[in-house]
Amino acid sequence: MEIFFQQLVNGLTIGSIYALVALGYTMVYGVLKLINFAHGDLVALSAYIGLVIIMQLMGALSPTILIIATFIITIIITAIGGVVLERAAYKPLRKAPRLSAVVSALGASMIIENGIMLIWGPMPRIFPASVVPNTNYNIHGVYISLMQVLVLIISFILMVALYLFVNRTKLGTAMRACAIDQDAARLMGINVDKVIVTTFVIGSALGAVGGLFIGMYYRGIYFNMGWIYGLNAFVAAIIGGIGNIPGAMLGGMLLGIFNAFIAGYVSSSWSLALTYVLLIVIMIFRPTGILGERVAEKV
Amino acid sequence: MMNTKNVLYYGIFLASLIILPFFLNSDWVSVMTTFLIYSVVSLSQDIVLGRAGMFDMGHAIFFGLGAYSTAILNMVYGWPILATVPVAIILPIIASVLLAAPIIHLRGDYLLVTTIGFNIVFTQALKNNVFGITGGPNGIFGVEPLKIFNFSLSSQMSIYYLAFFILLLTLITIHNLETSKPGRALHYLNLDSLASECIGINTRFYRLYAFALSAALAGLAGVVFTLQFSAVSPGAFNFIQSVLFFTIVLVGGPSSIPGVLLGTFFMFVVPEMFRQFAEARYLVFGVAMILIMIWRPKGIWPVKFGKIPSYLTKE
Chain R
1 MEIFFQQLVN
11 GLTIGSIYAL
21 VALGYTMVYG
31 VLKLINFAHG
41 DLVALSAYIG
51 LVIIMQLMGA
61 LSPTILIIAT
71 FIITIIITAI
81 GGVVLERAAY
91 KPLRKAPRLS
101 AVVSALGASM
111 IIENGIMLIW
121 GPMPRIFPAS
131 VVPNTNYNIH
141 GVYISLMQVL
151 VLIISFILMV
161 ALYLFVNRTK
171 LGTAMRACAI
181 DQDAARLMGI
191 NVDKVIVTTF
201 VIGSALGAVG
211 GLFIGMYYRG
221 IYFNMGWIYG
231 LNAFVAAIIG
241 GIGNIPGAML
251 GGMLLGIFNA
261 FIAGYVSSSW
271 SLALTYVLLI
281 VIMIFRPTGI
291 LGERVAEKV
Chain H
300 MMNTKNVLYY
310 GIFLASLIIL
320 PFFLNSDWVS
330 VMTTFLIYSV
340 VSLSQDIVLG
350 RAGMFDMGHA
360 IFFGLGAYST
370 AILNMVYGWP
380 ILATVPVAII
390 LPIIASVLLA
400 APIIHLRGDY
410 LLVTTIGFNI
420 VFTQALKNNV
430 FGITGGPNGI
440 FGVEPLKIFN
450 FSLSSQMSIY
460 YLAFFILLLT
470 LITIHNLETS
480 KPGRALHYLN
490 LDSLASECIG
500 INTRFYRLYA
510 FALSAALAGL
520 AGVVFTLQFS
530 AVSPGAFNFI
540 QSVLFFTIVL
550 VGGPSSIPGV
560 LLGTFFMFVV
570 PEMFRQFAEA
580 RYLVFGVAMI
590 LIMIWRPKGI
600 WPVKFGKIPS
610 YLTKE
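Chains as they are written, first to last, in the working numbering: chain R, 1 to 299; chain H, 300 to 614.
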């Protein structure tokens, strides 16, 4: 039973990270109906930026301020990166066939991935061990590290904040309107362009938090990790129902727990394959995801 | 329809491919052989993606199945290469129908994600050495050359002409497809699936038909790929390769044969030319992909279908 709870805690931690990254995919998909393949690489980039900031400021600041400063600076830089990405690669293709934007997204992903490799080299980089104190709490035989607690709490706060933003504010309402029908939203006087930029800012900022968590939790980061974390997060978004914000959170958690149990009880070499088997099964029986609504096709 | 001008252009293109290896050193003959093989795979991907309009991002599965069937049957069971060819064609067909049948109704992006899933499961299975015959992460080495009667096709040149031959077969197949009932059916269902169903086209059947045909061609290309390197490894058929084939079709121009060939050249041969710039080339490459899509959203060489008066096509 202890293994069960231990894997549940691990799964929830990974799941929160997946959920944060998945939100970026799902929000962009909701508004633009575009799979933002570059999002995963943006997440990887944010981990590298975070590492640079930590290495520069370590020792100069106290640990708490260091962590807060790292998060704020990384979020700002990654959000700017997200906006530049949208302006350069997606905005000129707003009216083009949908698949052209997919190719553009793949191109942007290549740029970021190889850019990271050119700047920081192809070898993995390691986050310093002592950024977050290595404290473990033992609750009836189940170990939770301080890092895991941080991941769970910060993710939870961010998700609640996002949920409130989307459902309670004017800009959030505009975002939901754009997701349903962009032309109608424009006719109602919504500045669609502003909404799209906001979507990319929020998506990239959440991705940056995810990237920093990956760096601090797993410690090893490598230039092409964007693909695998991005794909997993994307699968989480699909499982929950792409375009659906609570769906991405649920999908991320489910995927994290699923992965942890597979790694704990079956074998870790099959965990990736089984993740995608789960995805395929869900696609066959519930093509729009767990929380996705079945939309009748317009004729 | 082929008019005289097109026949002339294809004639020139094929003739230049025939004489090309005499002007290249062995490295470039090898690159061009892979170019021919990738062209076949991209043209087969185009049947599903460009002609039938299904977002298939797992095409490397069928390519890989063909390659692995030949390698496994030859190395583990000792079959001669020629005898493995029918298996390397039929197995991908069966796999494509079995995999596509439950998901064929999915809309665009969902199909894309599911096919990515299939591809990742496929490569993971190869890496984990299923049934102990796939050779694990390193793959299988030392596949025999193709023997026809007493001739052994092992030289670089002979593989090149073998690849050229399957490209020719593929071009003929696609030309026949374009001018036949299934080809027209695919074209209709791509433009408007509901309308084509209303005029009596069995869209489900023809979608599976497109998958099966393209899997057969990709499987055949896989055989030549195995022969070229006399080895197979999971890395050659992973999801990134599928992304490459997917991109080739869209960058070149969906359902346009010259477009797909040009796309293969641009996405595969051009990076080889800039090999000395090592890693930086892919950065430039990403920029080029974005710029091409911005300037030519329908591909470098978009397809032209007949002449419909513009007042009819305007929305």
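Backbone N, C-alpha and C fix where the C-beta goes; we use that ideal spot for every residue, glycine too. The structure displayed is predicted, hence computed values, not measured ones.
Backbone secondary structure at residue i - three-state DSSP
i: H:G349; result: helix
i: R:K298; result: Any reading at R:K298 must be qualified, since the residue scores a pLDDT of 49, below 50, and its modelled position is unreliable; no value is offered.
i: H:M374; result: helix
i: H:A530; result: strand
i: H:S341; result: helix
i: H:M566; result: helix
i: H:L507; result: helix
i: R:R87; result: helix
i: H:F702; result: As shown, chain H starts at 300 and ends at 614. That puts residue 702 of chain H outside it, with no answer to give.
i: R:R219; result: coil
i: R:K95; result: coil
i: R:F4; result: helix
i: H:N475; result: helix
i: H:K446; result: strand
i: H:L425; result: helix
i: R:V132; result: coil
i: H:S555; result: coil
Beta-carbon spacing of residue i, residue j below 7 angstroms
i: H:W594; j: H:G558; result: no
i: H:A330; j: H:P320; result: In the sequence as displayed, the identity of residue 330 of chain H is Val instead of Ala. No.
i: H:W342; j: H:T469; result: For the sequence presented, residue 342 of chain H should be read as Leu rather than Trp. Cβ distance < 7 angstroms, so H:L342 and H:T469 count as in contact.
i: H:S395; j: H:A535; result: no
i: R:A47; j: R:I221; result: yes
i: H:G365; j: H:A399; result: no
i: H:I465; j: H:F538; result: no
i: H:T414; j: H:G352; result: no
i: H:V531; j: H:A370; result: yes
i: R:V83; j: R:I196; result: no
i: R:I112; j: R:L45; result: yes
i: R:N114; j: H:L582; result: yes
i: H:G416; j: R:Y276; result: yes
i: R:L274; j: R:I282; result: no
i: R:F223; j: R:M117; result: yes
i: H:F421; j: H:G521; result: no
i: R:G243; j: R:T26; result: yes
i: H:E443; j: H:N373; result: yes
i: R:V28; j: R:T199; result: yes
i: R:L231; j: R:G240; result: no
i: H:T332; j: H:A484; result: no
i: R:A205; j: R:I75; result: yes
i: H:Y460; j: H:P481; result: no
Sequence-distant residues of the same chain with beta carbon closer than 6 angstroms to residue i, five excluded per side
i: R:Q6; result: V142
i: H:T303; result: none
i: R:G11; result: G256, I257 and A260
i: R:G300; result: Residue coverage of chain R in this structure runs from 1 to 299, which leaves residue 300 of chain R outside it and unanswerable.
i: R:V299; result: Its pLDDT being 48, under 50, R:V299 is placed unreliably by the model, and nothing is read from it.
i: H:F354; result: G407, L410 and L411
Own chain residues within Cβ distance below 8 angstroms of residue i, not counting five before or after
i: R:I73; result: I49 and I53
i: H:T563; result: F334, Y337, S338, S341, I547 and G551
i: R:P133; result: P63 and L146
Same chain only: Cβ atoms within 7 angstroms of residue i, ignoring 5 sequence neighbours per side
i: H:D345; result: V548, P553, S554 and V559
i: H:H486; result: R350
i: H:F573; result: R580
i: H:N428; result: G434 and G435
i: R:M319; result: The question about residue 319 of chain R has no answer, for chain R in this structure spans 1 to 299.
i: R:G264; result: I3 and Q7
Practice task
Select from the segment 578-596 of chain H all residues with a C-beta closer than 7 angstroms to any C-beta belonging to chain R, and list them in chain order.
Solution key: Taking 7 angstroms as the Cβ-Cβ cut-off against chain R, the residues of the segment 578-596 of chain H that qualify are E578, A579, Y581, L582, F584, G585, V586, M588, I589, M592, I593 and P596.
Exercise for the section: May I ask you to verify whether the segment 24-43 of chain R touches the segment 84-98 of chain R, counting CB pairs closer than 8 angstroms and requiring at least 3? Expected result: yes
Problem - the segment 387-407 of chain H contacting the segment 445-459 of chain H, beta-carbon criterion three pairs below 8 angstroms - result: no
Handout entry: Contact between the segment 313-324 of chain H and the segment 425-445 of chain H (3+ Cβ pairs under 8 angstroms)
Key = no
Practice task
Output, in sequence order along the chain, the residues in the segment 258-276 of chain R whose CB is closer than 7 angstroms to any CB in chain H.
Solution key: S269, W270, L272, A273 and Y276
Handout entry: Selection of the segment 118-152 of chain R by Cβ proximity to chain H, strictly under 8 angstroms
Key = L118 and P122
Problem - Three CB pairs or more closer than 8 angstroms across the segment 398-408 of chain H and the segment 278-292 of chain R - result: With three or more CB-CB distances shorter than 8 angstroms, the segment 398-408 of chain H counts as touching the segment 278-292 of chain R.
Practice task
Return the residues of the segment 520-546 of chain H that lie within a Cβ-Cβ distance of less than 9 angstroms from chain R, sorted by chain order.
Solution key: F538, I539, V542, F545 and T546
Exercise for the section: Spell out a yes or no on whether the segment 19-31 of chain R and the segment 207-220 of chain R are touching, meaning 3 or more CB-CB pairs, one atom from each, closer than 8 angstroms. Expected result: yes
Problem - Interfacial residues, the segment 390-404 of chain H to chain R, with Cβ spacing under 7 angstroms - result: Listed by position, the residues of the segment 390-404 of chain H near chain R (Cβ gap below 7 angstroms) are P401 and I402.
Exercise for the section: Say whether the segment 119-132 of chain R touches the segment 95-105 of chain R, bearing in mind that this needs 3 or more beta-carbon pairs closer than 8 angstroms, one atom from each stretch. Expected result: no
Handout entry: Selection of the segment 230-245 of chain R by Cβ proximity to chain H, strictly under 9 angstroms
Key = L231, F234, V235, I238 and I242
Practice task
Identify each residue in the segment 89-108 of chain R for which the Cβ-Cβ distance to at least one residue of chain H is less than 8 angstroms, and report them in chain order.
Solution key: A89, P92, L93, A96, P97, R98, L99, S100, A101, V102, V103, S104, L106, G107 and A108
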